[in-house]
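Residue numbers (this note's numbering): 87 to 393. Glycine included, each C-beta is placed from N, C-alpha and C at the ideal position. Input: a single structure, listed below in structure tokens.
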Amino acid sequence: MSHSPRLLTALLTALLVGSSIPVLAQAADDSASPAAQVQLLAALPITYGLTAMLIEGSSVQLVRAAPANLPGSRQPSYFAGRGAAKLEGLAKTADAVISLRSSWPEDSLYPLARRSNIRVIEIDAARPVDGALPGIATQPALSGNGLDTQPWLEPTNMGRMADIIAADLVRLAPDARPKIEQNLASLKHRLLQLSASSESKLAEIDNLSVVSLSAHFDYLISGLNLEPVPFELPTTRRWSAEQLAQLTQTLNDYEVALVLAPNQPSDDILAAIAASNSSLVVLEEADTDPVTNLENHIKDLLEAFAP
């Protein structure tokens, strides 16, 4: 049986169109599939804490690369030693590392992660790698590195760090942009309220003089416009009798209102403070998010200043 050219053309067209349907359907399915989940690594309490607040409720995954109770100063040795294998495994699937290298050069998380994954990128929370945003405001007069002086205890700096992290996160995870931007706005609103309320309450206090027993509170003192009284801290953990006497004399001579400490001082330091009219305030780091931790610090200070 013979077929007309027109009929053959119609049959061939039907076959070609029919064979393409599964291919087109597969392509449509592929385009509709969800993007791979973005994975982040962080280790320091401030970088982990801020990032966790920003990605809350999104599909972005954050992994803590070091034990939560490990001090930041000990993390480099941990990553080079017993934590090396764990970091190597985590880094292989990570998309980005949240670091603090511009403020604390000893931060080894990103360089070591990059050894296992050449594609992993760095998000420096203190100063953008590409310079697209301004970094945190530093004060050269304050001694110590960023880990010692904790510049994020100044509300403006903490907000700026959140801006820096969020700016890169929304580029890494575009689908999570609305949630990240919502979380960023909420975080910065809390910081703005904290600054406004603390400023108005501190304005009512006559004596804002403080002596800090740690460099940890340098930016906190500066950010709240407190009046730091200079006192040379001993370089050894155990204070001599002369150093204890000097502390008492400084507190009395300058009529210092508060003595700030990161943890409970030893009995001899407590006795030296008790010999003055100053009050001790212990500002310990709590296992909370960074904004709540700062709120608690300022709340404790305001209560201690109150008559």
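- Looking at the backbone, the Cα of residue 195 and that of residue 129 are separated by about 8 Å.
- Between the alpha carbons of residue 381 and residue 174 lies a distance of about 36 Å.
- For the pair of segments examined, the segment 329–346 was found not to touch the segment 266–283: the number of CB pairs separated by less than 8 Å stays below three.
- Sequence-distant Cβ neighbours of residue 361 in its own chain, meaning closer than 7 Å and more than five residues away, are 334.
- Taken in chain order, the complete beta strand (DSSP E) segments of 3 or more residues contained in the segment 177–211 are 182–185, 207–210.
- When DSSP assignments are scanned along the segment 241–310, the uninterrupted stretches of beta strand (DSSP E) that are 3 or more residues long and fall wholly within it turn out to be 295–298.
- Per DSSP, reduced to three states, the secondary structure at residue 150 is strand.
- Residues 208 of the same chain have their beta carbon placed closer than 7 Å to that of residue 215, with the five preceding and five following residues left out of the count.
- Minimum Cα-Cα distance from residue 352 among the listed residues 221, 330, 383 corresponds to 330.
- In the DSSP annotation of this structure, residue 130 is not part of any beta strand (DSSP E), being labelled neither H nor E.
- Restricting attention to 163, 276, 300, 316, the CA atom closest to the CA of residue 322 is found in 300.
- In this structure residue 145 is not in contact with residue 304, their Cβ atoms being roughly 38 Å apart against a cut-off of 8 Å.
- Rounded to whole angstroms, the Cβ separation of residue 176 and residue 164 is 13 Å, and the two are not in contact under 8 Å.
- Annotation: residue 327 is outside any beta strand (DSSP E); the continuous alpha helix (DSSP H) that includes it extends over 327–339.
- In this chain, residue 315 is not harboured by any alpha helix (DSSP H), its DSSP state being neither H nor E.
- Measuring C-alpha to C-alpha distances from residue 204 to each of 181, 162, 293 identifies 181 as the nearest.
- Here residue 159 is exposed. Its C-beta has fewer than 16 other C-beta atoms within 10 Å.
- Per DSSP, reduced to three states, the secondary structure at residue 352 is coil, with no helix or strand assignment.
- Judged by beta-carbon spacing, residue 241 lies beyond the 7 Å limit of residue 302, meaning their Cβ atoms are not closer than that value.
- Cβ neighbours of residue 391 within its own chain (closer than 6 Å, five residues either side excluded): 291.
- Membership of residue 377 in the alpha helix (DSSP H) is indicated by the continuous run 376–391.
- Per DSSP, the unbroken alpha helix (DSSP H) holding residue 233 starts and ends at 232–235.
- For residue 365, the closest of 328, 325, 316, 298 by C-alpha to C-alpha distance is 298.
- In the displayed model, residue 347 falls within a strand according to three-state DSSP.
- In this structure, 388 is the residue among 132, 222, 388 with its C-alpha nearest to the C-alpha of residue 310.
- When the five nearest sequence neighbours on each side are left out, the beta carbons in the same chain lying within less than 8 Å of the beta carbon of residue 344 are those of 295, 296, 297, 364, 365, 366, 367, 387, 390, 391, in order along the chain.
- Residue state for residue 365 is assigned as strand, using DSSP reduced to three classes.
- Here the C-alpha atom of residue 256 lies approximately 11 Å from the C-alpha atom of residue 270.
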